[in-house]
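*Asks:*
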Amino acid sequence: MPTSKIVSLHDLAALVPDGASVALGGSFLHRGPFAFVRELIRQGRRNLEIVKQSPGYDIDILCRAGCVAKARAGIVAMEGNFGLAPWYRRAVEKKQIVLEEHACMTLTAGLRAAAFGVPFQPVGGVHGSDLAALNKWAKVADPYGSGEEVWVIPSIKPDFAVIHANEVTVHGDTRVYGTFNWDRIMTRAARKVLVVAEKLEAVEAFQARPELTLVPGFMVEAVAIVPGGAWPGSCWPSYEVDYPEVERYMDTEGSLDEHMARAPEIGVSQVA
Amino acid sequence: MPTSKIVSLHDLAALVPDGASVALGGSFLHRGPFAFVRELIRQGRRNLEIVKQSPGYDIDILCRAGCVAKARAGIVAMEGNFGLAPWYRRAVEKKQIVLEEHACMTLTAGLRAAAFGVPFQPVGGVHGSDLAALNKWAKVADPYGSGEEVWVIPSIKPDFAVIHANEVTVHGDTRVYGTFNWDRIMTRAARKVLVVAEKLEAVEAFQARPELTLVPGFMVEAVAIVPGGAWPGSCWPSYEVDYPEVERYMDTEGSLDEHMARAPEIGVSQVA
Amino acid sequence: MPDAWSPFSYIVTNLARFIRPGEVTFSGVNSTPAMLACLLAKRAYDFDFTYINVAGGVQPSPSKIPISSSDPVLAEGSNAIFANEDFYDLCTRGGMDLCFLGAAQVDGEGRTNVSAIGDWHNPKVRLPGGGGGAVMLPTARRAVTWRTEHSKRTMVEKLDFVTASGGMHGVVTPIAVFVKRDRRLVLQSWHPESSLEEVRERTGFGFEADDAVATPPPTEREAAALRALDPAGTFERDARIRLR
Amino acid sequence: MPDAWSPFSYIVTNLARFIRPGEVTFSGVNSTPAMLACLLAKRAYDFDFTYINVAGGVQPSPSKIPISSSDPVLAEGSNAIFANEDFYDLCTRGGMDLCFLGAAQVDGEGRTNVSAIGDWHNPKVRLPGGGGGAVMLPTARRAVTWRTEHSKRTMVEKLDFVTASGGMHGVVTPIAVFVKRDRRLVLQSWHPESSLEEVRERTGFGFEADDAVATPPPTEREAAALRALDPAGTFERDARIRLR
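Chains as they are written, first to last, in our numbering: chain A, 63 to 334; chain B, 63 to 334; chain C, 34 to 277; chain D, 34 to 277.
Below you can see the structure in the form of structure tokens.
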């Protein structure tokens with residue numbers, strides 16, 4: 063069998079170069095690879111392209127730290143009662159980053175095209191939306207004569223998909239509990255898959271119920287074990303959103319360093 | 063919560079009218095809805111369109127009983143050491159049925175178009191295959207200027223998807239162990255989903271591990287509980303292929319009635 | 034007294050009243066009022082319907098009501114995980130009967146803007162963006178939205194940007210309930226403490242109101258269900274919705 | 034004596050010799066020789082490779098060797114179920130390094146016919162049909178096939194029907210191993226009990242053979258691995274492969 067894919071969080075983030083296109087798993091404050099995102103900030107990564115249907119804390123803190131050149135996203139917010147993502151909003155309004163605005167499903171269609179190995183993917187709906195002209199999307203007539211016209215989205219192939227999972231094996235096999243959001247299609251579309259996991263699980267446990275494996279190890283480049291790594295977001299069923307901390311993060315007077323210093327990955331000796 | 067979806071095998075098969083388009087789950091001799099197929103024969107169903115990437119025993123016995131008008135299939139064989147499906151082969155050679163020959167993935171692309179609600183689905187490969195001209199498939203140039211041309215398959219929307227599963231709840235939630243083959247996309251593409259299951263399982267067991275549910279109950283029309291219903295094929299992990307019986311079935315001297323009479327659904331009182 | 038509306042109960046309850054027996058109904062991200070409406074309908078109405086949500090829940094029985102409408106707790110007690118690709122495909126192939134979608138601006142045809150206030154390329158306010166709307170609004174059998182502010186800034190004659198077309202079937206605000214008739218929103222009812230005149234005055238687009246009446250008060254069961262979902266009034270406080 | 038080939042061991046072992054370190058290798062339905070080749074390579078070679086199969090198995094450790102190459106036992110001991118849509122998508126997006134595919138007829142460019150003998154519309158023999166080929170042969174990085182009969186009926190100048198194009202990287206028969214060079218199959222080696230002349234005589238298409246040699250005999254480990262997979266010789270008997 064292949065050798066271990068477990069590395070430190072530092073080494074995992076170091077695999078992503080400046081300017082890379084990175085798809086991030088989870089949704090809003092739930093099961094996002096937030097420890098990984100903070101590690102990118104610590105390593106001073108620049109000019110990243112972030113791909114995610116519903117980013118929030120992750121895109122906001124990356125914009126706050128000046129790591130982002132472009133966002134390809136569907137809906138961006140902190141959610142809960144926090145409303146808009148302030149540093150992301152400012153970055154877009156001040157034109158510090160380029161936004162490619164999608165509907166969540168048009169972004170997914172682009173990822174499907176990449177996952178399926180085709181140049182474009184038809185998607186339902188979009189008719190009458192200004193997003194089509196904005197993104198210069200093409201409409202294709204049904205060659206089989208239904209008279210129907212369908213919008214097609216060009217392939218979106220991120221350099222990396224980075225997801226936060228509940229359990230992994232030493233070989234990189236990955237389990238997610240509860241909804242996997244868009245993580246499945248992201249891991250199929252990206253050139254490389256990186257995983258941050260709450261817990262290292264025995265191979266035997268995966269072999270006992272292989273149907274639960276979302277990503278087989280051979281598709282995974284490397285894994286870091288970071289308990290609590292989705293903080294201040296939730297990771298079902300282990301922990302819920304730390305709302306007081308999100309509130310502290312949102313406080314424009316508060317400093318980013320103070321927030322970063324409270325992160326659980328700090329000082330935690332990581333399995334490596 | 064909704065009332066029970068459990069019906070007898072007889073009543074389940076009675077939902078399918080003559081001339082219906084029916085997608086069948088499983089692959090070759092594995093986890094096919096074979097008890098259901100035999101029940102269609104007992105009820106004298108006619109002019110069915112059978113949709114399946116890799117049919118074998120099911121399409122063969124349906125052709126043997128004269129139930130089939132059209133087959134839309136990728137690869138048809140008995141598999142194991144049994145080679146071609148004799149009665150299917152004769153039906154095609156004698157032009158008793160119409161064959162729409164696919165590659166497994168072009169048939170799947172048609173099912174994806176139906177599942178995604180779009181008129182056609184691009185598929186990788188196919189270049190240079192005579193199947194494209196045979197089926198009058200269209201090639202579409204990438205409107206985004208890659209210069210690439212891709213084959214697109216028209217939507218394939220069966221009236222029914224019928225799958226054989228390991229466990230169901232009274233509400234129709236469905237679990238499959240081991241590979242689900244093409245069952246997932248079939249259940250998303252078809253107008254109605256019918257399930258034959260080995261076992262009725264407690265709702266609590268499904269709620270304890272909802273990630274294992276392949277088809278949520280609200281998508282399922284009705285369910286019949288038929289232990290051994292995939293006979294003479296396998297249903298992992300409960301039972302393996304009954305090769306001696308498949309051999310008896312293949313014996314052109316042997317009668318279909320004798321084979322049908324040995325089926326496990328006979329005389330078994332069914333949960334209803 | 035159950036016959037009195039609060040601006041909060043008015044929105045949640047009137048969203049719930051769009052839910053119909055036997056249908057598949059969906060609530061998404063950033064949609065606390067819609068989430069509460071679905072959970073209220075489960076408690077207040079005798080008929081059954083299939084509630085699915087963005088957390089992958091199918092007929093869930095959450096042990097708590099989350100602040101975030103995409104919280105995984107909304108899949109607790111679910112018999113399945115019906116994740117994002119699945120419920121979007123269900124919608125685009127015509128299997129979603131009622132879809133609740135958020136909006137920042139709504140026009141007289143029920144089209145929505147969730148992208149930007151002002152010019153998209155030089156926005157006064159960059160809004161959350163596309164989300165489900167552009168794909169779900171044209172493909173769901175019915176879509177319903179809400180605004181916690183009813184003003185000429187939110188109920189507009191002309192959208193700054195058309196994020197999603199296809200037309201909302203219903204729109205609920207703190208003072209009014211609109212439904213679509215022949216591609217236009219018409220007033221169905223107004224908050225009893227408001228009036229047709231006030232609704233016209235605070236609405237940017239013209240609308241018909243021939244059949245409009247004062248909104249029937251919450252039933253005992255509707256009021257009880259909302260109390261059960263928000264016993265401490267936390268959601269009501271957090272929503273900060275005012276009649277005027 | 035391990036240095037002697039049987040027609041069966043010749044096909045299985047020479048299929049296995051196409052497997053390379055670190056690559057993703059796939060065996061499909063109706064493909065017993067390919068399934069055995071993958072399992073043999075796992076036992077006989079020191080390098081690791083990722084074996085995935087049509088039963089959803091990823092690096093499986095099956096407790097028995099099944100008659101059917103799509104038997105679910107081939108996912109036993111797997112850490113994941115990588116089902117049909119997944120491995121096909123992996124192939125079409127360029128992630129499948131080596132794909133074993135069956136064929137009834139093969140031409141000099143390594144194209145295949147698995148559809149019909151004679152005219153497709155009036156077939157002498159209706160064959161199994163499309164299967165994986167039309168999509169996998171043009172998209173897999175390398176595809177390899179085998180024929181248990183080597184004759185002008187199976188190794189043809191002109192296919193009755195081109196089911197799959199794109200060109201096989203390798204073809205193994207009871208008497209020969211072909212590999213592709215500049216879009217044509219060339220002879221790599223012949224069964225030591227056969228000869229270049231016999232291969233030419235029994236092949237319908239012309240081919241180059243400049244570098245062709247007699248096939249190196251099975252190694253001790255290859256022979257031992259095949260014995261372990263087929264201790265009673267059941268697979269060898271069932272395959273009924275003859276040199277002539």
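Every residue gets a Cβ at the ideal spot worked out from N, C-alpha and C, and that includes glycine.
Are the beta-carbon atoms of A:Val185 and A:Met167 separated by less than 8 Å?
*Replies:* Yes, Cβ-Cβ distance for A:Val185 and A:Met167 is below 8 Å.
*Asks:* For B:Val212, which of B:Lys254, B:Pro181, B:Trp199 and B:Ser296 has the nearest alpha-carbon?
*Replies:* Nearest option by C-alpha distance: B:Trp199.
*Asks:* Do you know offhand how far D:Met34's Cα is from D:Ala257's?
*Replies:* Bear in mind that the predicted position of D:Met34 carries a pLDDT of just 48, short of 50, making it unreliable; the figure below should be weighed with that in mind. The alpha-carbon atoms of D:Met34 and D:Ala257 are separated by roughly 11 Å.
*Asks:* Is there at least one Cβ from chain A nearer than 8 Å to B:Val230's Cβ?
*Replies:* It does not; no Cβ of chain A falls within 8 Å.
*Asks:* Leaving aside the five residues before and after A:Val78 along the sequence, list all residues of the same chain whose C-beta is less than 7 Å from its C-beta, in chain order.
*Replies:* Here the set comprises Val84, Leu102, Arg107 and Phe222.
*Asks:* Output yes or no for whether 8 Å exceeds the beta carbon distance between C:Tyr121 and C:Val91.
*Replies:* Contact: no.
*Asks:* Taking a contact to mean a Cβ-Cβ separation below 8 Å, would you say A:Leu161 touches A:Ala133 in this structure?
*Replies:* Taking 8 Å as the Cβ cut-off, A:Leu161 and A:Ala133 qualify as a contacting pair.
*Asks:* For D:Arg144 versus D:Ser227, is the C-beta distance shorter than 8 Å?
*Replies:* No. Outside cutoff.
*Asks:* Only counting runs of 3 or more residues, tell me where the beta strand (DSSP E) segments fall wholly within the stretch 94-169 of chain C, in order along the chain.
*Replies:* Fully enclosed beta strand (DSSP E) runs of 3 or longer: 131-133, 149-152 and 155-159.
*Asks:* A:Trp244 CB to nearest chain C CB: under 8 Å?
*Replies:* Closer than 8 Å: yes.
*Asks:* Tell me which residues share the same chain as C:Asn63 and place their Cβ nearer than 8 Å to its Cβ, disregarding the 5 neighbours each side in the sequence.
*Replies:* Ser102, Ser103, Gly135, Pro161 and Gly164, listed in sequence order.
*Asks:* Rounded to whole angstroms, what is the Cα-Cα separation between A:Trp244 and A:Ala284?
*Replies:* If you take the alpha carbons of A:Trp244 and A:Ala284, they lie about 20 Å apart.
*Asks:* Measuring only between beta-carbons, confirm whether A:Trp298 sits less than 8 Å from chain C.
*Replies:* Yes, its Cβ sits closer than 8 Å to a Cβ of chain C.
*Asks:* Below 8 Å between beta carbons: does that hold for D:Val210 and D:Thr178?
*Replies:* Their beta carbons are not under 8 Å apart, which means D:Val210 does not touch D:Thr178 by this criterion.
*Asks:* By how many angstroms is the C-alpha of D:His202 removed from the C-alpha of D:Met129?
*Replies:* Rounded to the nearest angstrom, the two C-alpha atoms are 13 Å apart.
*Asks:* Verify the CB distance criterion: does A:Val277 have a CB-CB separation below 8 Å to chain B?
*Replies:* Not closer than 8 Å to any Cβ of chain B, the Cβ of A:Val277 fails to qualify, so no.
*Asks:* On the CB-based measure, 16 or more other CB atoms within 10 Å of its CB, does A:His321 come out buried or exposed?
*Replies:* Result: buried.
*Asks:* Can you give me the Cβ contacts of D:Gln221 inside the same chain, cut-off strictly under 7 Å, excluding the 5 residues immediately before and after it?
*Replies:* Val210, Phe211, Val212 and Ala245.
*Asks:* Note down, one range per segment and in chain order, each alpha helix (DSSP H) of at least 4 residues found wholly within the stretch 205-285 of chain A.
*Replies:* Within the stretch 205-285 of chain A, the complete alpha helix (DSSP H) runs of at least 4 residues are 245-251 and 265-270.
*Asks:* Suppose you measure from the CA of D:Pro40 to the CA of D:Ile208; what does that come to, to the nearest Å?
*Replies:* Using only the alpha carbons, I get a separation of about 8 Å.
*Asks:* Return yes when the Cβ of D:Glu255 is within less than 8 Å of the Cβ of D:Asp263, no when it is not.
*Replies:* Not closer than 8 Å, so no.
*Asks:* Given a threshold of 16 other Cβ atoms within 10 Å of its Cβ, counted over all protein chains shown, does B:Arg151 qualify as buried or as exposed?
*Replies:* Buried: at least 16 other Cβ atoms inside 10 Å.
*Asks:* Does the distance from the C-beta atom of D:Ala49 to that of D:Ala77 stay below 8 Å?
*Replies:* In contact: D:Ala49 and D:Ala77 (Cβ atoms closer than 8 Å).
*Asks:* Assuming contact is defined by CB atoms lying nearer than 8 Å, are D:Ser94 and D:Glu118 in contact in what I supplied?
*Replies:* No, the Cβ-Cβ distance between D:Ser94 and D:Glu118 is not below 8 Å.
*Asks:* Whole beta strand (DSSP E) runs in the stretch 65-150 of chain B with 3 or more residues, listed along the chain?
*Replies:* Counting only runs of 3 or more, we get 83-86, 110-114 and 130-135.
*Asks:* Could you spell out where the alpha helix (DSSP H) holding D:Lys75 opens and where it closes?
*Replies:* Start and end: Thr65 to Ala77.
*Asks:* I'd like to confirm the pairing. Which residues does DSSP put opposite C:Gly203 in its beta bridges?
*Replies:* According to DSSP, C:Gly203 bridges with C:Val177 and C:Val212.
*Asks:* Assign B:Pro306 to buried or exposed, taking buried as 16 or more other Cβ atoms, counted over all protein chains shown, within 10 Å of its Cβ.
*Replies:* Result: exposed.
*Asks:* The beta strand (DSSP E) with C:Glu5 in it runs from where to where?
*Replies:* A query on residue 5 of chain C cannot be resolved here, the shown segment of chain C reaching from 34 to 277 and no further.
*Asks:* Decide yes or no for the touch test of the stretch 67-74 of chain C against the stretch 109-116 of chain A: beta carbon pairs closer than 8 Å, at least 3 of them.
*Replies:* The stretch 67-74 of chain C is not in contact with the stretch 109-116 of chain A.
*Asks:* Should B:Phe98 be flagged as near chain D, meaning a C-beta pair shorter than 8 Å?
*Replies:* With 8 Å as the cut-off, B:Phe98 does not count as an interface residue toward chain D.
*Asks:* Are B:Gly240 and B:Phe96 closer than 8 Å when you measure CB to CB?
*Replies:* For B:Gly240 and B:Phe96, no; Cβs fall outside 8 Å.
*Asks:* Give the residues of chain B in contact with A:Asp204, contact being defined as C-beta atoms less than 7 Å apart.
*Replies:* Simply Pro181 and Phe182.
*Asks:* Are the C-beta atoms of D:Asn86 and some chain A residue less than 8 Å apart?
*Replies:* D:Asn86 does not count as touching chain A.
*Asks:* If we count the other Cβ atoms within 10 Å of its Cβ and call it buried at 16 or more, is C:His183 buried or exposed?
*Replies:* It is buried - the Cβ of C:His183 has at least 16 other Cβ atoms within 10 Å.
*Asks:* Using the beta-carbon count (16 or more within 10 Å), is B:Glu229 buried or exposed?
*Replies:* B:Glu229 is buried by the Cβ-count criterion.
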